[in-house]
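Chemist: One structure, as structure tokens, below. Some questions next.
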Amino acid sequence: MSEMREDPRFPGVLIHISSYVDDGAVIGRGTKIWHFCHILAGTVIGENCSIGQNAMIGPKVTIGNGCKIQNNVSLYEGVVLEDDVFCGPSCVFTNVINPRANVSRKSEFKTTPVGKGATIGANATIVCGHELGDYCLIGAGAVVTKNVPDYALMVGNPARRMGWMSRTGDRLGADLKCPATGETYHLKNDNQLVLAD
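Residue numbers (this note's numbering): 7 to 203.
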């Protein structure tokens, strides 16, 4: 921790001396930014977040409170993370459907909103323009090519729903009852799970 410093631009934020934060970024108290990161102008990071080594974030990315971004994650323009999102090591977000080295597509950037409490596993790829629902879990290595419902467990390439998860990240059985909390859920239709009242 001796190489972590508080930058006077961001009171209550610890930033490793090897990382660079552009002017124009906003970072909430209690956030830690580890080794070799670059936070670009226009990025907003909430309170109590952890940004792992070698992360590149921005420009114009929004990260909610309590998010954990693991090592080697790049969050490009158009990515919006709600509170308490976990991005596993080396997960990938795109922001253009059909990139070309010699064709500028900046006017075609797509938004990718990620819901509260979602988990994205290591090496998963999120193709831009798709919404990830609250508390969903994207398995390691999955490739998301469509919208993901709240609480969905998605695995494979392309990612398919293989079950449902609770708010605590526990897989739900046929009774749709969380084994950790006892909370019950119900299906409104075949593709929409909600927490019971």
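For glycine and all other residues, C-beta sits at the position ideal for the given N, C-alpha and C.
Please state whether the Cβ-Cβ distance between G70 and L87 is less than 7 Å.
Modeler: In the sequence shown, residue 70 corresponds to position 64, counting from 1. In the sequence shown, residue 87 corresponds to position 81, counting from 1. Closer than 7 Å, so yes.
Chemist: How would you label E6, buried or exposed, when you count the other beta carbons within 10 angstroms and need 16 or more for buried?
Modeler: Absent from the model: residue 6. The displayed extent of the chain is 7 to 203, so no value can be given.
Chemist: Mind checking who N195 pairs with in its DSSP beta bridge?
Modeler: As a working mapping, residue 195 is identified with position 189 in the sequence shown. Bridge partners of N195: Q198.
Chemist: Could you work out which residue in Q198, I103, A158, I144 is closest to G135 when comparing CA atoms only?
Modeler: The count along the sequence shown starts at 1 and reaches residue 135 at position 129. Per the Cα distances, I103.
Chemist: For my contact list, K38 and I57 are in at a C-beta cut-off of 8 Å; report their separation, rounded to the angstrom.
Modeler: Numbered from its first residue, the sequence shown carries residue 38 at position 32. Numbered from its first residue, the sequence shown carries residue 57 at position 51. K38 to I57, Cβ: 7 Å. Contact.
Chemist: Quick check on the DSSP output: the beta strand (DSSP E) that includes I21 runs from which residue to which?
Modeler: Here residue 21 refers to the residue found at position 15 when the sequence shown is read from its first residue. Per DSSP, I21 belongs to the beta strand (DSSP E) from 20-22.
Chemist: Taking all protein chains shown into account, do 16 or more other C-beta atoms lie within 10 angstroms of the C-beta of V200, making it buried, or fewer, making it exposed?
Modeler: Numbered from 1 along the sequence shown, position 194 holds the residue referred to as residue 200. V200 counts as exposed, since fewer than 16 other beta carbons sit within 10 angstroms of its beta carbon.
Chemist: Just confirm the distance between the C-beta atoms of T160 and A146, as a whole number of angstroms; I'd bet it's less than 8 Å.
Modeler: Numbered from its first residue, the sequence shown carries residue 160 at position 154. Numbered from its first residue, the sequence shown carries residue 146 at position 140. Checking the sequence shown, residue 160 turns out to be Met, not Thr. 11 Å between Cβ atoms; not a contact.
Chemist: May I have the straight-line CA-CA distance separating P119 from S80, to the nearest angstrom?
Modeler: Locating residue 119 in the sequence shown gives position 113, where the first residue counts as 1. Locating residue 80 in the sequence shown gives position 74, where the first residue counts as 1. Approximately 15 Å, taken between the alpha carbons.
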